[in-house]
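Each remark here refers to the structure printed beneath this line.
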Amino acid sequence: MGEGGFSHRSGLKQQNKGFKSRHSTKGQVKAKTKGKVDVATSVKHKHQTVSHKADRKNQAKLVQQRKRHDLMQSNRLFSGVAGAPKIIAIIPLCPDVDARAIVKDLHDSVGAQCVSYDQPTVLNVERFKQKLQLVPLRRNLLEILDAVKVADFIMFVVSAEVEVDRFGDLCLTTIKAQGVPSTFAAVQHLEKVPPKKQSDIRKSLTAYMEDHFPEDSKLFHLSSETEALAALRYITQQRPKPIVWRDRHAYMLGEDVQFAPNEGDETTGTLRVKGYVRGNNLSANRLVHIPGHGDFQIKMITSLPTAAGATHMDTDESVLDVPVPELQDSLVAENEVNPMEGEQTWPTEEELQEAEERLQRLGAGSKTEPPKKPKRVPKGTSAYQAAWIVDENDDEEDEDDVDEDDDDESNSNTMDVTMTDADGVGAPVDWNSIGLGHTTNGGAERQSDEEPSDEDEYEDLAEEEDASEKPEAFDATYDEADEAAQYSAFLSKQDEARDDLEFPDEVNTPKDPAARIRFQRYRGLKSFRTSPWDPYENLPVDYSRIFQFQNFKRTRRRVLDGLSEGGVLPGTRVTVHVKDVPRAVIDERDPSRPFTLFALLPHEHKFSVLNFTVTRNTSTNTTTSSTLPASSSTPTIIDTAPVKSKEPMILHCGFRRYVVQPLYSTNTRGGSNNVHKFERFLQTGRSSIATVYAPIQFGPAPVLMFRYNPGGVVTQWDADHAQPLLAHGSVLDLDSTRIAAKRVILTGHPFKVHKRGAVIRYMFWHPADINYFKPVQLVTKLGRQGHIRDTLGTHGYMKCVFDGPLKGEDTVCMYLYKRVYPKWNTRAYREEIKEVRMEM
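Just so we're aligned: the sequence shown equals residues 166 to 1005 in this note's numbering.
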């Protein structure tokens, strides 16, 4: 070999296969496993047999048989002469389409006659041996949402001449948030378009529907008899998609609704609703919910022969189910508050004297009318202009002081909560027996950040009585300055929401009242996730009115497992006799609108604390058809205005609608103490948890939120005035022990820094406040931790020590927390501002 031709390559060295144990001696094994703990094995899987190929094949065969059985049951529900009709909701998305023309085209395609095209009608398709219940809808959002809740198919009607307008985009957004069954589309006015453009328009509309519903994008032109028959074939051969939250309940679409008044009372009576049972079994022991009117008990359920199978011998209705008094659900929605239960302590002489003085002040205040409070306004302001000026501290009092008043009221009353076990048996909790007696804390929380006004620029203007302005006098009294003031208030609210996003929870310590009084209900936590916080401490009196579950998951599992036990099977045509229904239900009924009926699950009539996840709606329609002319309506509108906690909202939860004032908190798992940070605003771009007092709803169930117009302003749902979807989400749980902690951050700034010590100012203004908050830990925005050592002087300076030197630009913070509760003001919502208290 030449020079440098040989080179030792260690990689080519022969390596024999290692022994299976990988360790030749016990010592090596012991050294390898030194300090390790053996993994605990599950006992229940210890004697599990080995799965063989034959067992796996048999298991797959059983799953296949079960799926085939479910498919046959679903098809049998709609097939044959006695089958239930498939519900088709016809929704117009464009302003120039007509849902009634769709009903006429489908009837003409099979040569059938229709009595009325405005009301829900049943079309018997003998060619395909099925029936279809066509529900033509108007451009009303509330009417559309009610129909979609019971529909098996949705037919979206689009136009070949005009694009989908703002209302159509709103319908698509809300329907997708609520839950979508099987969908397809129908186009109108295609014959008015030149034949060369018809193909491009069909492709454009198909692409538009594919963007919203990729799996169901069929498009039919029903004016053609051939395509109308193809649409009927498509509907009859398709299996409707299940909606989980809806199919757990028994529901009906009323074909005929009649009212029979009670003897001696014409205002209430028995409501007879005829239709097919759908979803799950319908039991007479369960309550039924009529949207917009409340919950009622069932008197009995009778059979109703089908129209095709009815004979002269089928005139009598047989009773299918009657309620059992011991098993029938009660209409009691709230617990009775007993102020005498709980901790009984004899008041002291000082407390008795204070109570007498309070009664004297209340008595004196009720006899004389309080004088009108003068309003602080700039000089030269007229009475009309002063009526539009809002005090700066009104919003703060609404947010903070109202909560404190609620706390004062709650702490002065005895709290009793009924714990409901898995079987629904409720029993009041004795708080003294578990050492959770409630204490009463006096004082109220007030905050005023206003600086004294300059006397040369402001004056006191007495408020006058409100007078109704005449319409013709509006223009005469209109002033651009007033409009500018309102716009300035709107911008200030947006700035407040923006500041809450950038500098959350930071407040300036007021000089009067003192910080120890202003924040006396707040506490400091060493760890927000692990520091102990008793969830039953100082609960408001409203908690004594709700129902709690001892084990909610076990109760939910038992309720859902017993859905198919007893009752009338789905697909049966029945007449449901609902007792003690107000006459207003039948008087306010519009025959052109679908009348729906939902059966409640056990416990779903009772009130509890309901938590659900919500996210601000930011979706816009980005898919348009360039081949169509633009609609005359306004484009898609997204509500971007700030949403404050406890702001009134219209809540659609499943099949219920009510007005609530949600309390928002962070959507986090929380620590061992189940504490979550309260959010003053519902921010965009992240999900939050909304908490309300509401009837129990076993999730999952969709949640839709719309703004509520207080002050007597009518909330309209038609195409020209429908409000945009504010937020959407789903039901989370019914955890009444979830703590929403409102956080405030008191900030101070370094005055002098010497090594680890520093003198901090501007956090407090009185030495007594410093001593009061001395045990609370301090943190800085740059990551330092410390505590207060002593006061310095009498102007709020204090000596502090930290775990490291501070920087001059650092900010010292003190975190304080207080638990907040939702308001007990949930009420059922009716269209056209018809609302009733939810006494169901």
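C-beta: ideal position from N, C-alpha, C; glycine also.
Alpha-carbon spacing of residue i relative to residue j, whole angstroms
{"i": "S797", "j": "E328", "result": "With a pLDDT of 42 at S797, under the threshold of 50, the modelled position of this residue cannot be trusted; read the value that follows with caution. Rounded to the nearest angstrom, the two C-alpha atoms are 9 Å apart."}
{"i": "D619", "j": "L690", "result": "Note on D619: pLDDT 46, under 50, position unreliable in the model; the coordinate value appears next. Taking the straight line joining both Cα atoms gives about 41 Å."}
{"i": "G429", "j": "E420", "result": "29 Å"}
{"i": "R367", "j": "Q295", "result": "29 Å"}
{"i": "A859", "j": "T991", "result": "7 Å"}
{"i": "N427", "j": "V743", "result": "12 Å"}
{"i": "L816", "j": "T391", "result": "43 Å"}
{"i": "P875", "j": "D494", "result": "34 Å"}
{"i": "R686", "j": "R984", "result": "9 Å"}
{"i": "R683", "j": "W930", "result": "13 Å"}
{"i": "A923", "j": "S830", "result": "35 Å"}
{"i": "R413", "j": "C818", "result": "15 Å"}
{"i": "M374", "j": "R398", "result": "20 Å"}
{"i": "H217", "j": "H272", "result": "57 Å"}
{"i": "A795", "j": "R292", "result": "With a pLDDT of 48 at A795, under the threshold of 50, the modelled position of that residue is not reliable, and the figure given next carries that caveat. Their backbone Cα atoms lie some 40 Å apart in a straight line."}
{"i": "T761", "j": "V315", "result": "8 Å"}
{"i": "T476", "j": "A425", "result": "Since pLDDT at T476 reaches only 48, below the 50 mark, its modelled position is unreliable, and the value read off the structure follows with that caveat. The alpha-carbon atoms of T476 and A425 are separated by roughly 26 Å."}
{"i": "G276", "j": "G434", "result": "41 Å"}
{"i": "P250", "j": "A415", "result": "16 Å"}
{"i": "T471", "j": "L242", "result": "13 Å"}
{"i": "F349", "j": "P257", "result": "12 Å"}
{"i": "V345", "j": "V313", "result": "8 Å"}
{"i": "E491", "j": "V857", "result": "31 Å"}
Cut-off 6 Å between Cβ atoms - residues of its own chain near residue i, not counting five sequence neighbours on either side
{"i": "P301", "result": "I255, A264, R265 and V268"}
{"i": "D588", "result": "Caution applies to D588, whose pLDDT of 46 falls short of 50 and renders its modelled position unreliable; the value that the coordinates give is listed next. Closer than 6 Å at Cβ, skipping near neighbours: no residue."}
{"i": "T740", "result": "R437, K439, T467 and L469"}
{"i": "K138", "result": "Past the boundaries of the shown model lies residue 138; the chain is included only from 166 to 1005, so the question cannot be answered."}
{"i": "H458", "result": "V750"}
{"i": "A855", "result": "F777, V779, P827 and Y829"}
Residue i, buried or exposed, once every other Cβ within 10 Å from all chains shown has been counted against 16
{"i": "I802", "result": "exposed"}
{"i": "Q353", "result": "buried"}
{"i": "Q224", "result": "exposed"}
{"i": "Q298", "result": "buried"}
{"i": "R851", "result": "exposed"}
{"i": "F668", "result": "exposed"}
{"i": "S729", "result": "exposed"}
{"i": "R719", "result": "exposed"}
{"i": "G727", "result": "exposed"}
{"i": "K811", "result": "buried"}
{"i": "E996", "result": "buried"}
{"i": "N782", "result": "buried"}
{"i": "H377", "result": "buried"}
Residues near residue i in its chain [Cβ-Cβ closer than 7 Å; skip 5 each side]
{"i": "G913", "result": "I925, R926, Y927, M928 and V977"}
{"i": "P932", "result": "T956 and T959"}
{"i": "V484", "result": "M465 and T467"}
{"i": "T371", "result": "S382 and L384"}
{"i": "V489", "result": "N450"}
{"i": "Y994", "result": "I815, R822, Y823, V824 and E1000"}
Whole-Å CB distance - residue i paired with residue j, under 8 Å assumed
{"i": "S757", "j": "Q284", "result": "6 Å"}
{"i": "Y937", "j": "R681", "result": "4 Å"}
{"i": "E671", "j": "I910", "result": "5 Å"}
{"i": "K972", "j": "L947", "result": "6 Å"}
{"i": "M870", "j": "A892", "result": "4 Å"}
{"i": "F321", "j": "A884", "result": "Their Cβ separation, rounded to whole angstroms, is 15 Å, which puts F321 and A884 out of contact at 8 Å."}
{"i": "T339", "j": "L306", "result": "7 Å"}
{"i": "I253", "j": "I408", "result": "At roughly 15 Å, the Cβ-Cβ gap does not stay under 8 Å, so I253 and I408 are not in contact."}
{"i": "D330", "j": "P260", "result": "6 Å"}
Contacts around residue i, its chain only, beta-carbon distance under 8 Å, and the 5 residues preceding and following it disregarded
{"i": "L734", "result": "V442 and N446"}
{"i": "R694", "result": "G835, G836, S837, N838 and V840"}
{"i": "I861", "result": "F712, H768, E769, H770, K771, F772, S773, L775 and L899"}
{"i": "Q180", "result": "none"}
{"i": "Q1007", "result": "For the chain, the structure presents residues 166 to 1005; residue 1007 sits outside this window and is missing."}
{"i": "C965", "result": "G922, A923, V924, I925, L943, G951, H952, I953, R954 and V977"}
In DSSP terms, what residue i is bridged to
{"i": "R822", "result": "H817"}
{"i": "P807", "result": "Looking at the DSSP assignment, P807 forms no beta bridge with any residue, so it has no partner."}
{"i": "N776", "result": "T856 and D898"}
{"i": "T761", "result": "L418"}
{"i": "Y986", "result": "In the DSSP output, where bridge partners are listed per residue, Y986 has none listed."}
{"i": "L436", "result": "F424 and V743"}
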